[in-house]
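Read through the structure below, which is laid out as structure tokens, and then see the notes.
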Amino acid sequence: MTSEKTPQVAVVMGSDSDLKMMESCIEQLREFGVEAEVRIISAHRTPQVAAEFAQSAESRGIQVIIAAAGMAAHLAGAMAAWSILPVIGVPLAAEPGVGGLDALLSTVQMPPGVPVATVAIGKPGAKNAAVLAVQILARKDPALRDKLAQFKAKQAQAVKAFVLPDQAISRAPGVSGT
Ligand code: AIR
Numbered sequence: 003m004t005s006e007k008t009p010q011v012a013v014v015m016g017s018d019s020d021l022k023m024m025e026s027c028i029e030q031l032r033e034f035g036v037e038a039e040v041r042i043i044s045a046h047r048t049p050q051v052a053a054e055f056a057q058s059a060e061s062r063g064i065q066v067i068i069a070a071a072g073m074a075a076h077l078a079g080a081m082a083a084w085s086i087l088p089v090i091g092v093p094l095a096a097e098p099g100v101g102g103l104d105a106l107l108s109t110v111q112m113p114p115g116v117p118v119a120t121v122a123i124g125k126p127g128a129k130n131a132a133v134l135a136v137q138i139l140a141r142k143d144p145a146l147r148d149k150l151a152q153f154k155a156k157q158a159q160a161v162k163a164f165v166l167p168d169q170a171i172s173r174a175p176g177v178s179g180t
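Residues in the sequence shown are numbered from 3 upward in steps of one, following the working numbering.
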């Protein structure tokens with residue numbers, strides 16, 4: 003007998019070269035106890051696989067799709083085109099490139115009726131995609147809701163607890179240091 007649950011979140015990315023960046027997404031999901039189905043799927047190199055994956059995701063128990071890609075990043079859009087599940091898009095900065103602006107615009111500028119919830123470029127976006135997916139799942143999962151509340155409280159505590167070094171205070175113009 004296996005104790006593994008059906009993944010509720012799918013994390014798809016356009017290339018294995020995106021995996022390093024998306025590890026923070028997978029790790030953040032894991033910290034919330036949410037297992038993900040992780041796949042490399044390219045909207046351009048494997049368009050048929052992309053369509054089939056998105057079309058079957060809901061019936062396989064997936065509730066949220068996180069899709070990450072660089073360059074002309076159409077993966078999240080392709081997922082949203084083929085599925086009624088909420089899709090979170092993570093634009094990535096491919097090398098060599100233009101710092102991810104290409105992927106950001108390709109991901110965020112969806113036509114009306116086919117939304118992709120687009121997060122920040124790169125690692126901060128990868129982490130936020132996981133948190134946003136958990137926030138969606140938490141609407142119907144009280145235990146996950148509690149974990150999110152703790153996550154936010156811990157985050158706030160870390161900011162409040164930070165003590166500026168004296169040097170930084172005395173160097174800042176207009177700051178008295180008290
Ligand atoms: N990509 C792959 N298929 C479609 C797109 N947009 C993206 C990948 C990766 C970049 O192209 O998501 O960020 C470069 O891929 P590779 O495999 O050449 O390293």
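Beta carbons are placed, not taken as given, at the ideal position from N, Cα and C, and that holds for glycine.
Source: prediction; values computed, not measured.
Pairing V66 with L139 gives a Cβ-Cβ distance under 8 Å. Shortest gap from the CB of M15 to any heavy atom of the ligand AIR: under 7 Å.
With a contact defined as Cβ atoms closer than 8 Å, G102 and A119 miss out at about 17 Å. Collapsing the DSSP output to three states places L139 in a helix. In the three-state reduction of the DSSP assignment, L166 falls in the coil class, being assigned neither a helical nor a strand state. Close CB contacts of I43 within its chain, under the 8 Å cut and outside five residues either way in sequence, are with V14, M15, G16, V51, A52, F55 and L77 (chain order). Taking L134 as the centre and dropping the five residues before and after it, the same chain places the C-beta of I90 closer than 6 Å to its C-beta, in chain order. Residue pairing by DSSP leaves P9 without any beta bridge partner. Distances from the CA of R62 to each of E25, Q169, G124 and P9 were compared; the closest alpha carbon is that of P9. Each of S58, S26 and D18 was checked against the Cα of I123, and the nearest Cα belongs to S26.
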